[in-house]
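Please read the structure below before turning to the comments.
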Amino acid sequence: MREHQTMRLEDTDAGIAAAAALLREGRLVAFPTETVYGLGGLATDDGAVAAIYAAKGRPAFNPLIVHVATLDAAKELGEFDAESLALAGAFWPGPLTLVVPAKPGSGLSDLVTAGLSTVALRVPAQPLARRLLAELGAPVAAPSANPSGRLSPTTADHVIDLLGDGRIAAVLDGGPCTVGVESTIVTTYPEPRLLRPGGLPVEPIEACLGTKLAIGPGAGGTVTAPGQLASHYAPTAALRLDVTKAKPGEVLLGFGPVDGTLNLSPSGDLTQAAANLFSMLRELDGSGADVIAVAPIPHTGLGLAINDRLARAAAPRP
Ligand code: TXA
Ligand code: MG
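Take the sequence shown: its position 256, counted from the start at 1, is 884 in the numbering used here, and no numbers get skipped.
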């Protein structure tokens, strides 16, 4: 049964208490992380997790990221080897998700892991997310708060646009996300591997481990990541990439000296570009142009995640 209104909860003690109470009841609450807004539900509640899949229209075989307040809370849900501990120690709280073997009997809904023996865990750094998770004291399953295949939301207004028809009970408004692309997903089992580029660049991860990361889903082939579907993160307009001069009728999303209708970062700062990526794509998509041309983005640091999202948005649609 759908209510017709989604509540907007403010960044106050009362807002956080209300969000935690709704989650405890098995309701869905979108909340800010430093990467993107998450569509949260209690990870131990089968009904809540099923409702997340329903709200997103997501294929049910895709496992979800579980958010917790601390590494200690994460250790109750998954097994950490020395390399995972090193990464958690260096980068949590932050825009890193670690895929580790799930601990049996942890109470997580089987729907969260979609039948895999591993679980994706994240300790976000966004202050409001941290206060919510601490107040709740329970794990929260949360994919990005967009219907499957749409651009990820980086403001509470985006969430209201996408899911505000009562599909979720509330959105906790923490302002715009500072990182702007989803977390980097890494596993160390059986060897260090990058499963999804994201808000934490690969270079510091490799420096921390003292080794290169393998890339992609790996030999097991068990990873079914929606972020790995070719046409994920699609706006309505078509995308043309690595463009320095727009054709007539195209709008140009600039970067650095390649200026356009909007510019991801006039100074060529990749951190600023990542933070602006989804909201600027959304704004240009709303302009009614058939094609969004995008300036070249370097493939270093956060540029890896930005280029990954752009390539998926530009891919042929199913
Ligand atoms: O920044 C983020 O990561 C955001 C915020 C809300 O935390 N969340 C997010 O979740 O992007 P979602 O569901 O859109 O992406 C989760 C990714 C998917 O690609 C999924 O397949 C992968 O994590 N994943 C989850 N569990 C996994 C597992 N056990 N093994 C491999 N990949 C897994
Ligand atoms: Mg997503």
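From the three backbone atoms N, C-alpha and C, an ideal C-beta is built for every residue, glycine too.
Under the DSSP assignment, Ile934 falls in the alpha helix (DSSP H) whose first and last residues are 931-942. If you check the C-beta of Gly666 against the ligand TXA, you find a heavy atom less than 7 Å away.
In this structure, Pro771 sits away from Leu670, with a CB-CB distance that is not shorter than 8 Å. For Leu761, the enclosing alpha helix (DSSP H) starts and ends at 755-764. In the three-state DSSP reduction, Glu878 falls in the strand class (E or B). Shortest Cα-Cα distance from Thr783 to any of Thr806, Glu763, Ala797 involves Thr806. According to DSSP, Gly706 shares a beta bridge with Ala730.
In this structure, Ser907 has its CB at a distance of at least 7 Å from all heavy atoms of the ligand MG. Under the DSSP definition of a beta bridge, Ile843 partners with Leu822.
Straight across, the Cα-Cα distance linking Thr661 with Gly792 is about 18 Å. In the three-state reduction of the DSSP assignment, Ala658 falls in the strand class. Boundaries of the alpha helix (DSSP H) harbouring Thr741: 738-741, taken from the DSSP string. The DSSP-derived three-state label of His927 is coil. The beta carbons of Thr741 and Pro818 sit about 18 Å from each other, so the pair does not count as a contact at 8 Å. Under the three-state reduction of DSSP output, Leu909 falls in the helix class. Going by C-alpha positions, Ala798 is about 14 Å away from Ala757. Taking 8 Å as the cut-off, the beta carbon of Ala646 is found no closer than this to the beta carbon of Leu656.
Membership of Gly668 in the beta strand (DSSP E) is indicated by the continuous run 665-670.
With respect to the 8 Å criterion, Thr812 and Leu938 are not classified as neighbours on the basis of their beta carbons. Ala648 places its beta carbon 8 Å or farther from that of Ile693.
Between the region 873-890 and the region 900-916 there are three or more C-beta pairs closer than 8 Å, enough to call the two in contact.
Here the distance from the Cβ of Glu810 to the nearest heavy atom of the ligand MG is below 7 Å. Judged by DSSP secondary structure, Ala798 falls within the beta strand (DSSP E) whose first and last residues are 798-800.
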